[in-house]
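Numbering (mature numbering (1 follows the signal peptide of the UniProt record, and there is no 0)), first residue to last: -21 to -1, 1 to 354.
We put the beta carbon where it would ideally sit given N, CA and C, even for glycine.
Because the structure is a prediction, the values reported are computed rather than measured.
Encoded as structure tokens, the structure appears first; notes follow it.
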Amino acid sequence: MKFLFQFLLFNFLVIATVVLAEVDYYKVLGVSKDADEREIKKAYRVLSKKYHPDKNQNDKEAHDRFIEVSEAYDVLSDDEKRSVYDRYGADAVKNGGGDPRQQHNDPFGDIFAHMFGGGGGGGQARQQRKPRGNDIATSADFTLKEFYNGVSKDFEVEMQDICDKCQGHGSADGKDHTCDECNGRGIKIVKRQLAPGMFQQYQGPCNKCGGKGKIIKNKCKKCNGDGVHRSVRKHSLHVQPGTPRDYVEILEGEADHSPEWIAGDLRVQFREVADGNMGYHRVGKNLYRTEVLSLKEALYGGWEREIPFLDNYDNKLKISRPEGQMVSNGEVEIIKNKGMPAYNNEDEFGDLFVEYLVIFPGGNHKMLKNIRDEL
């Protein structure tokens, strides 16, 4: 009997050691067990950049950490895998899901479940997550020249922020009180008379506490008890050369903030304004421009002109016609590789299409006679 007890105790300690030594993916990413998707993604980005092999060549420890971080993110960013991990631990995820105690016929499963909460990954179930707030759309203006060359520009927008004075609580002293109108339930039974002897009864939010069940007596002076206030945020927007018109930059978690929800995204549309386009417009990767010629220039050639160009470094462009070469009204000249740079590939360019518009000297009979005589 003593031998059997020692045998069971030995196995218990061995298995317990394995369970306790199992990797904790939440600790790997440095997030809490009730972290939301955005917090997990943010932590992963920071750590993956820190330990990326390209930045830590010949560093085995950094390489191992990068693999560990990637593995943790793979599990915690997937709701199904995360649920299995929280209940049964990392082995269950690696084995394709399900309770590892059933897969391995573990006689100590019930004991460990009681002691360790059902697996090395999570323990108790995560707290209920806050709802996600709405995304907000806005826009920022850029010139065609800025789209051509690329630019970084500060952008200010007014948004709702959590009050930094009361940290979103709404109270100056951090205290709230049970609403005496609804007794903390946040709802009231409303009774309304429809006709003599006929009443309608329904539940509605408490008007006094706004359905929260709590009231604040000593309101924060900065936010007047709301816990939030409007403020101007400054962001840096980066336009790559060749960025498409109406491109939308997504600033994660930068919509309205509130202690009651997880902030949505701020969606900034990059609008192209006509001012400052220097006579150019674009369609896809190609640029288009109209050049005006006199009738004499169109008929005789022998001209050269320098026109402004969008490139910050090569900001002049020469066009010309040799003497004796005629240009027809509406004729289009294609200048290769002088269009917009391709988005995400600055070595590739579209073409420039120059349409020539010939101005006829209407009513100037003397000029027409001279041109006819010269011809």
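Item: Along the chain, where does the alpha helix (DSSP H) containing LEU272 start, and where does it finish?; Value: Taken as a continuous stretch (DSSP letters only), LEU272 belongs to no alpha helix (DSSP H), being part of the beta strand (DSSP E) at 265 to 273.
Item: Looking only at C-alpha atoms, which of GLU137, ASP43 and ILE46 sits nearest to GLU233?; Value: GLU137
Item: Are THR117 and LEU245 closer than 8 Å when you measure CB to CB?; Value: yes
Item: Based on the DSSP secondary-structure assignment, which residues constitute the bridge partners of GLU251?; Value: PHE121
Item: Contact between the stretch 141 to 152 and the stretch 291 to 308 is defined here as three or more beta-carbon pairs at a separation below 8 Å; is this criterion met?; Value: no
Item: Have a look at GLU334 and GLY318 and give me their C-alpha separation to the nearest angstrom.; Value: 14 Å
Item: Measure the C-alpha to C-alpha separation of SER131 and GLU125 and round it to an integer number of angstroms.; Value: 9 Å
Item: Considering Cα atoms alone, identify which of LEU278, ARG61 and HIS31 is closest to GLU16.; Value: ARG61
Item: Can the beta-carbon of PRO223 be found closer than 8 Å to that of TYR127?; Value: no
Item: Measure from the alpha carbon of ASP254 to the alpha carbon of each residue in GLN182, ILE166 and PHE121, then state which is nearest.; Value: PHE121
Item: Sort ARG44, GLY176, GLY263 and ILE338 by Cα distance to HIS31 and report the nearest one.; Value: ARG44
Item: Between the alpha carbons of ASN37 and GLU59, how many angstroms are there, rounded?; Value: 35 Å
Item: Span of the beta strand (DSSP E) holding ARG171?; Value: 166 to 174
Item: Buried or exposed, going by whether 16 or more other CB atoms sit within 10 Å of the CB of GLY100?; Value: Model confidence at GLY100 stands at a pLDDT of 46, short of 50, so the residue's coordinates are unreliable; what they give is reported in the following sentence. It is buried - the Cβ of GLY100 has at least 16 other Cβ atoms within 10 Å.
Item: Do VAL2 and GLY129 have their beta-carbon atoms positioned less than 8 Å apart in this structure?; Value: no
Item: So what's ARG212 in DSSP terms, helix, strand or just coil?; Value: strand
Item: Would you mind working out which of GLY112, TYR4 and HIS214 sits nearest GLY243, comparing C-alpha positions?; Value: GLY112
Item: Under 8 Å between the Cβ atoms of LYS297 and GLU310?; Value: no
Item: Please name the residue, chosen from LYS213, VAL7, ILE194 and SER215, that lies closest to GLY206 on a Cα-to-Cα basis.; Value: ILE194
Item: With DSSP collapsed to three states, give me the class of HIS236.; Value: coil
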